[in-house]
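Quick mapping for you: the protein sequence lines, in order, are chains A and B. Our numbering puts the first residue of the first sequence at 20, with every later residue one more than the last. Our numbering puts the first residue of the second sequence at 20, with every later residue one more than the last. Think of the CB as a built atom: it goes at the ideal place given N, C-alpha and C, for glycine as much as any other residue.
2 protein chains.
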Amino acid sequence: MQGNKVQEQRLEQLPVFYMEQIVRRYRQLATQSLKSHHAGVSVDQWVVLKQISENNGSSQVEIGSSTVKDAPTTTRIIDQLVSKNLASKQLDPEDRRRYMVFVTEKGRQLIDRLLPVVQEYRQIPVLGFSATEQKQLISLLQRMLKNLE
Amino acid sequence: MQGNKVQEQRLEQLPVFYMEQIVRRYRQLATQSLKSHHAGVSVDQWVVLKQISENNGSSQVEIGSSTVKDAPTTTRIIDQLVSKNLASKQLDPEDRRRYMVFVTEKGRQLIDRLLPVVQEYRQIPVLGFSATEQKQLISLLQRMLKNLE
DNA sequence: TTAAAATAATTGCAAGTGCAAGGAAATAAA
DNA sequence: TTTATTTCCTTGCACTTGCAATTATTTTAA
């Protein structure tokens with residue numbers, strides 16, 4: 020029976036299988052690290068806050084596209100930052116559909132304080148990787164992403 | 020000001036940044052593919068169902084550990100499969116804490132029907148990858164995972 | 001000028017996930 | 001035996017996320 024059996028494929032041979040675990044554990048690690056430093060922000064909030072600071076005054080869609088999050092998610096995260104007084108929104112007078120998003124002074128201070136913390140846990144997954152290996156990895160990942168577009 | 024500025028790190032240099040996108044798009048692709056073939060099961064349900072079929076009669080913790088999902092998630096997915104008549108649970112008479120999980124005939128038929136579909140979309144992310152590159156990738160991912168343990 | 005289409009942001013909802021807590025049964029220790 | 005610990009599974013809750021629908025505004029086309 021089943022003479023034409025398709026070749027079996029184990030989960031352990033699927034890159035995505037590992038990636039799911041890596042992403043999950045990495046997020047746990049990051050969450051934990053932020054918490055232990057009393058960051059007061061989640062991983063996503065951190066990423067968006069940092070991105071705002073690098074594009075101060077840009078719109079929510081711009082923030083969203085640079086962090087690769089959809090519009091509703093971006094809205095919600097920014098609102099969380101605003102309610103924590105780390106960011107502020109201001110209607111763009113030249114296009115009243117848009118909000119210009121800014122980092123507050125408190126937000127900037129938080130960034131300065133957390134930057135070294137973040138830099139540190141970001142290195143953990145690639146501990147022991149040579150520069151070449153890191154580039155290789157990134158390149159492979161970019162190709163995968165392209166395949167999925 | 021800020022003379023000792025930490026070296027900036029762009030999101031585009033973070034492997035995890037790509038992995039999140041890859042995982043997300045891959046899941047979308049898989050979901051869509053299953054739906055277009057009227058699978059009637061989600062991606063996670065598929066993975067668990069397949070895993071059950073390869074370890075017929077094993078307990079939920081065993082299923083969970085082989086798919087790397089936690090106990091509550093495993094319970095819920097299995098219950099979904101049971102309610103769809105694709106799997107069945109049966110108390111282990113020798114250890115009445117455990118349930119032995121089985122694939123039903125309907126479940127087995129579904130697996131046979133979906134296997135080629137799944138095999139196909141699983142190849143998409145690594146299209147154009149040589150065997151060597153795939154091995155390299157897996158190896159790098161395994162090292163990352165180890166770093167995170 | 002008016003109508004249609006596109007864009008920015010928001011809201012609501014269904015579904016999934018992680019985590020903590022709890023119940024039942026088995027095992028180990030007292 | 002009795003008690004304590006461990007294991008397997010389940011339940012509840014808070015939180016996130018993807019998706020569809022909606023509003024307000026701007027841009028394009030008629």
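At least one C-beta of chain A is nearer than 8 Å to the C-beta of B/Glu152. Of all residues in the region 64-82 of chain B, none has a C-beta nearer than 7 Å to a C-beta of chain A. When DSSP reads this structure, A/Ser102 sits in no beta bridge, so it has no partner. Within the same chain, Tyr140 and Ile143 come within 7 Å of A/Leu48 by CB-CB distance, once the 5 residues on both sides are set aside.
In the three-state reduction of the DSSP assignment, B/Leu30 falls in the helix class, which pools H, G and I. Separation of the CB atoms of A/Tyr118 and A/Ser78 is rounded to 6 Å, and the pair is thereby assigned contact status at 8 Å. DSSP, reduced to helix, strand and coil, places B/Lys88 outside both helices and strands of the structure shown, so it counts as coil.
DSSP places B/Phe36 in the helix class (H, G or I) of the three-state scheme. Beta-bridge annotation (DSSP): B/Asp63 is not paired with any residue.
Between A/Arg43 and the set A/Ala58, A/Ser55, A/His56 and A/Val62, the nearest pair of CA atoms involves A/Val62.
Excluding the 5 residues flanking it on each side, B/Ser52 has same chain C-beta neighbours closer than 7 Å at Val136 and Tyr140, in chain order. Scanning chain A for C-beta atoms nearer than 7 Å to the C-beta of B/Met38 yields Met38, Ile41, Val42 and Leu160, reported in chain order. Put simply, the CB of A/Arg141 is near chain B, with a gap under 8 Å to one of its CB atoms. Counting C-beta atoms within 10 angstroms of its own C-beta, B/Thr93 has 16 or more neighbours from the protein chains shown and is therefore classed as buried.
Look at B/Arg116 here: in three-state DSSP terms it is strand. Non-local beta-carbon contacts of A/Lys69 in its own chain, meaning distances under 7 Å to residues more than five positions away in sequence, involve Ile130 in chain order. A/Gln28 is positioned such that its CB atom lies no closer than 8 Å to that of B/Ile157. Note on geometry: alpha-carbon atoms of A/Gln161 and A/Val145 lie some 17 Å from one another. For B/Val137, the enclosing alpha helix (DSSP H) starts and ends at Glu124 to Gln142. Rounded to whole angstroms, the separation of the alpha carbons of B/Gln155 and B/Gly147 is 14 Å.
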